[in-house]
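Colleague: Numbering (our numbering), first residue to last: 1 to 249.
Have a look at the structure that comes next, please.
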Ligand SMILES: [Zn+2]
Ligand SMILES: [Zn+2]
């Protein structure tokens, strides 16, 4: 064998080894419950634990916001007196408690023609682990009074001490950009801030579920997605676009 042939044989061997490695890696990820987590979920805070079995993405969170609030106890370092811009602000009697939320959302979301109505309570989760609620204070009751109890970051706690957002989570969109990924609804479709391609969207720009299909920074091939808007219904409209997963606490 001359040196040229030795080099040829060596590189062939190298390719075979590489192919074998690749096959091994693929087998591993298919056989155990650690299917690859899509990159978009790396945008969640590291305090939120996320895993996938390939069918569902499981998102575990204590529901505590990663920003200050006037709803923490005044002795808590995360307490900050209301310094927002709403002259009608009025603190509600609730406080922020720790929970054990487990959100299970479809890894491959799909449209559901039934477009199930969103329930009261958590309908999705923001990238900081805080639940998102729908546009109602009670069955069919608008948020007219509730909005005045939103803290400086646009959230508030309910009677079960669950801090939540009914509207754009300002801490997330201020820390990133107004076009940032805000979170996911239970049907597995992403929620973005109000800005897209230089335009601040309003509800009239979106469909009845408060979204539309198009390319986003995280989904270059396009996906159905929701947007938060300053006008009602804020995050979701007439129900889930897709088949919803589940949430327990
Ligand atoms: Zn509320
Ligand atoms: Zn969009």
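In this text, a Cβ means the ideal position worked out from N, Cα and C, and glycines have one as well.
Sort 167, 235, 163 by Cα distance to residue 70 and report the nearest one.
Modeller: For the purposes of this step, residue 70 is taken as residue 70 along the chain shown, with counting starting at 1. Among 167, 235, 163, the Cα nearest to that of residue 70 is on 163.
Colleague: Ligand 2 and residue 196: does the residue's C-beta get closer than 7 Å to at least one heavy atom of that ligand?
Modeller: Residue mapping note: residue 196 aligns to position 196 of the chain shown, counting from 1. At least one heavy atom of ligand 2 sits closer than 7 Å to the Cβ of residue 196.
Colleague: When the Cβ atoms of the segment 197-205 are set against those of the segment 66-86, are three or more pairs found closer than 8 Å?
Modeller: no
Colleague: Between the C-alpha atoms of residue 229 and residue 193, what's the straight-line distance to the nearest angstrom?
Modeller: Residue 229 sits at position 229 when you count from the first residue of the chain shown. Residue 193 sits at position 193 when you count from the first residue of the chain shown. Spanning the two alpha carbons is a distance of roughly 7 Å.
Colleague: Roughly how many angstroms separate the alpha carbons of residue 16 and residue 224, rounded to a whole number?
Modeller: Reading the chain shown from its first residue, position 16 is the one you call residue 16. Reading the chain shown from its first residue, position 224 is the one you call residue 224. Because residue 16 sits at a pLDDT of 43, beneath the cut-off of 50, its placement in the model cannot be relied upon, and the point is left open.
Colleague: Compute the distance between the beta-carbons of residue 235 and residue 181, then report whether it is under 8 Å.
Modeller: To locate residue 235, count along the chain shown from 1; it is residue 235. To locate residue 181, count along the chain shown from 1; it is residue 181. It is not a contact, given that the beta carbons lie outside the stated cut-off.
Colleague: Quick one: is residue 145 near chain C, going by C-beta distance under 8 Å?
Modeller: Going by chain labels, chain C is absent from the structure shown, which holds only one protein chain.
Colleague: Going straight from the alpha carbon of residue 106 to that of residue 39, what length do you get?
Modeller: What you label residue 106 is simply residue 106 of the chain shown in a count that begins at 1. What you label residue 39 is simply residue 39 of the chain shown in a count that begins at 1. Spanning the two alpha carbons is a distance of roughly 15 Å.
Colleague: Shorter than 7 Å, the distance from the beta carbon of residue 212 to the closest heavy atom of ligand 2, or not?
Modeller: As a first step, residue 212 is located in the chain shown; it is residue number 212 there, counting from the start. The answer is yes for residue 212.
Colleague: Determine contact between the segment 98-113 and the segment 62-69, defined as no fewer than three beta-carbon pairs at a distance below 8 Å.
Modeller: Touching, per the Cβ criterion.
Colleague: For residue 187, count neighbouring Cβ atoms within 10 angstroms of its own Cβ and tell me buried if that reaches 16, exposed if not.
Modeller: The residue labelled residue 187 in the question sits at position 187 within the chain shown. By the 10 Å Cβ count, residue 187 comes out buried.
Colleague: Residues near ligand 1, CB to any non-hydrogen atom under 6 Å, in chain order?
Modeller: 133, 146, 156, 158, 164, 166
Colleague: What are the start and end residues of the beta strand (DSSP E) that includes residue 50?
Modeller: Against the chain shown, residue 50 aligns to sequence position 50. Taken as a continuous stretch (DSSP letters only), the beta strand (DSSP E) holding residue 50 covers 49-52.
Colleague: For the segment 163-234, which segments carrying the alpha helix (DSSP H) assignment without a break, of at least 4 residues, lie completely within its bounds, in sequence order?
Modeller: 170-175
Colleague: Where does residue 103 sit, in a helix, a strand or coil, going by DSSP?
Modeller: Against the chain shown, residue 103 aligns to sequence position 103. Note: residue 103 maps to strand in three-state DSSP.
Colleague: Does the Cβ of residue 215 have 16 or more other Cβ atoms within 10 Å, making it buried, or fewer, making it exposed?
Modeller: Position 215 of the chain shown holds residue 215. Classification of residue 215: exposed, given that the 10 Å Cβ count is below 16.
Colleague: Please report how far the alpha carbon of residue 210 lies from the alpha carbon of residue 191, in whole angstroms.
Modeller: On the chain shown, position 210 is the one that residue 210 refers to. On the chain shown, position 191 is the one that residue 191 refers to. Each residue's alpha carbon lies about 10 Å from the other.
Colleague: Which residues in the same chain have their Cβ closer than 8 Å to the Cβ of residue 32, if we skip the five residues on either side of it in sequence?
Modeller: Counted from its first residue, the chain shown places residue 32 at position 32. Low per-residue confidence applies at residue 32: pLDDT is 46, beneath 50, and the placement is therefore not dependable, though the value from the model is reported in the following sentence. Hits under 8 Å: none found.
Colleague: Roughly how many angstroms separate the alpha carbons of residue 47 and residue 148, rounded to a whole number?
Modeller: Here residue 47 refers to the residue found at position 47 when the chain shown is read from its first residue. Here residue 148 refers to the residue found at position 148 when the chain shown is read from its first residue. So the two alpha carbons sit approximately 29 Å from each other.
Colleague: Mind pulling the beta strand (DSSP E) runs of 3 or more residues that sit fully within the segment 118-144?
Modeller: 124-126, 136-138
Colleague: Comparing the CB of residue 192 with every heavy atom of ligand 2, is any distance shorter than 7 Å?
Modeller: Your numbering for residue 192 matches position 192 in the chain shown. Yes, Cβ of residue 192 sits closer than 7 Å to a heavy atom of ligand 2.
Colleague: Check whether the Cβ atoms of residue 133 and residue 142 sit closer than 8 Å, and answer yes or no.
Modeller: Position 133 of the chain shown, counted from the first residue, corresponds to residue 133. Position 142 of the chain shown, counted from the first residue, corresponds to residue 142. Taking 8 Å as the Cβ cut-off, residue 133 and residue 142 do not qualify as a contacting pair.
Colleague: Taking residue 172 as the reference, which of 185, 49, 153 has the closest Cα?
Modeller: Along the chain shown, one-based indexing puts residue 172 at 172. For residue 172, the nearest C-alpha among the options comes from 153.
Colleague: Taking the C-alpha atoms as reference points, what is the distance between residue 139 and residue 121?
Modeller: Taking the first residue of the chain shown as 1, we reach residue 139 at position 139. Taking the first residue of the chain shown as 1, we reach residue 121 at position 121. So the alpha carbons of these two residues sit roughly 11 Å apart.
Colleague: Which word fits residue 104, buried or exposed, when buried means at least 16 other C-beta atoms lie within 10 angstroms of its C-beta?
Modeller: Translated into positions along the chain shown, residue 104 becomes position 104. With 16 or more other Cβ atoms within 10 Å, it is buried.
Colleague: Among 131, 233, 108, 56, which has the Cα closest to the Cα of residue 219?
Modeller: As a position in the chain shown, residue 219 is number 219, starting the count at 1. That would be 108, whose Cα lies nearest to the Cα of residue 219.
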